[in-house]
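Peer 1: Numbering (the working numbering), first residue to last: 8 to 229.
Glycine included, every Cβ here is placed at the ideal spot set by N, Cα and C.
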Amino acid sequence: MPEGRQLLEMYRLLRARFGFLDWWPGDTADEVFIGAILTQQTTWKNVEKAIANLKGAGLLGVASLSRAKTETIAELIRPSGYYRQKALRLREACSWVIENYGSLESLFALDLKPLREVLLGINGIGPETADSIILYAAEKPSFVIDAYTKRITNRVYGVPMGISYDGLKQLFESNLPRKTELFNDYHAQMVELAKMHCKSKPACGGCPLSKICLYAAKAKIQ
DNA sequence: GTCCAGGGCCTAC
DNA sequence: GTAGGCCATGGA
8 MPEGRQLLEM YRLLRARFGF LDWWPGDTAD EVFIGAILTQ QTTWKNVEKA IANLKGAGLL
68 GVASLSRAKT ETIAELIRPS GYYRQKALRL REACSWVIEN YGSLESLFAL DLKPLREVLL
128 GINGIGPETA DSIILYAAEK PSFVIDAYTK RITNRVYGVP MGISYDGLKQ LFESNLPRKT
188 ELFNDYHAQM VELAKMHCKS KPACGGCPLS KICLYAAKAK IQ
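#1: By how many angstroms is the C-alpha of Ile-84 removed from the C-alpha of Arg-185?
#2: Classify Gln-48 as buried or exposed, calling it buried when 16 or more other Cβ atoms lie within 10 Å of its own Cβ.
#3: Closest to Gly-26 by CA distance: which of Thr-46, Asp-192 and Lys-218 is it?
#4: Over the uninterrupted alpha helix (DSSP H) stretch that includes Lys-56, give me the two end residues.
#5: Lys-176 lies in the alpha helix (DSSP H); which residues open and close that run?
#6: How many Å lie between Ala-144 and Pro-32 at the Cα?
#7: Could you check where the alpha helix (DSSP H) with Ser-92 kicks off and where it finishes?
#8: If I measure Cβ to Cβ from Trp-219 and keep anything under 8 angstroms in the same chain, skipping five residues before and after, which residues do I get?
#9: Check Val-163 in the structure and name its three-state DSSP category.
#10: Under 8 angstroms, do Gly-11 and Asn-182 count as touching if we go by C-beta distance?
#11: Would you report the Cα separation of Arg-91 and Glu-78, rounded to the nearest angstrom?
#12: Would you give the residue range spanned by the alpha helix (DSSP H) that Lys-120 belongs to?
#13: If we call anything under 8 angstroms between Cβ atoms a contact, is Ala-195 one with Trp-51?
#14: Given this structure, state the Cα-to-Cα distance separating Leu-126 from Ala-137, to the nearest angstrom.
#15: So what does DSSP say about Glu-146, is it helix, strand or coil?
#16: Quick one: Cα of Leu-97 to Cα of Phe-179, how far?
#17: Looking at C-alpha atoms only, which residue of Val-166, Lys-147, Ser-139 and Ala-64 is the closest neighbour of Asp-153?
#18: Excluding the 5 residues flanking Tyr-108 on each side, which residues of the same chain have their C-beta closer than 6 angstroms to its C-beta?
#19: Going by beta carbon distance, what residues of the same chain come within less than 6 angstroms of Tyr-172, once the five residues before and after it are set aside?
#20: For Ile-58, which option in Ala-94, Arg-24, Arg-74 and Leu-28 has the closest C-alpha, if you only look at C-alpha atoms?
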């Protein structure tokens, strides 16, 4: 298992290679909230099409989505995949927020821990989506774990692939300064690294982690 | 044609 | 508590 200084070293190397990414604040908290649900198991490029459609229809907001028909939403978000399921979940999640808090801003007034509990109670919002919303929309320090994070820490430090979501999250959070900007950019850096490795084959030639990665010489991170 | 992407839920053991 | 099935479009 990596120690705190190693996790900071990994961030330093990524940051030196990619620069500060200032990732995914979106135009509004509503947009980030909606995007977080749409991007589940889907490429961001397809999500952008869905978001553009929603925007064009004047439905890129929690309040407006809460009033829209599920079928209308489904048609607009079709490019993002799983569109029937996501339309239902989006509308219900937005309705829940409006009915219980009136707006995202009011919901985000909760402290991090209760906010996370509340979000996890909403159908369609699991741990990764909840943490993405907390970090990128509410701008509170909750580290986001995704498939890339798991693969990268496995390749670089031999962290077992079977580690639980909360286990890996704890590893980062207990070893890093609890800062929103750091958590935000760290996650963005790992996605950037994964994208680079997916595009360039064979990978790891220009890998910023080649100095520390266990598999850099013979395997790609993905 | 095949594979899989910035998951999550439900069901079965 | 966890493995397996399901949801679905678009790009490589």
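Peer 2: Working from what's here:
#1: Distance between the alpha carbons of Arg-185 and Ile-84 is about 35 angstroms.
#2: With fewer than 16 other Cβ atoms within 10 Å, it is exposed.
#3: Answer by Cα proximity: Asp-192.
#4: For Lys-56, the enclosing alpha helix (DSSP H) stretches over residues 51 to 63.
#5: Residues 172 to 180.
#6: Answer to the nearest angstrom: the Cα atoms are 7 angstroms apart.
#7: Here the sequence assigns Gln to residue 92, which means Ser is not the residue at that position. Run containing Gln-92: 90 to 108, per the alpha helix (DSSP H) assignment.
#8: The sequence shown places Ile at residue 219, rather than the Trp named in the question. Within its own chain, the residues whose Cβ lies closer than 8 angstroms to the Cβ of Ile-219, once the five positions on either side in sequence are excluded, are Gln-13, Glu-16, Met-17, Leu-20 and Val-163, listed in chain order.
#9: Here Val-163 sits in helix by DSSP.
#10: Taking 8 angstroms as the cut-off, the Cβ atoms of Gly-11 and Asn-182 count as close.
#11: Looking at the two C-alpha atoms, the distance is approximately 8 angstroms.
#12: In the DSSP assignment, Lys-120 falls within the unbroken alpha helix (DSSP H) covering 119 to 127.
#13: Contact flag unset, no.
#14: So the alpha carbons of these two residues sit roughly 6 angstroms apart.
#15: It is coil, neither helix nor strand.
#16: Whole-angstrom Cα-Cα distance: 30 angstroms.
#17: Closest option to Asp-153, Cα to Cα, is Ser-139.
#18: Correct list, in chain order: Leu-114.
#19: Closer than 6 angstroms at the Cβ level, and outside the excluded window around Tyr-172, lie Pro-134 and Ile-152.
#20: Residue Ala-94 is the option with its Cα nearest to Ile-58.
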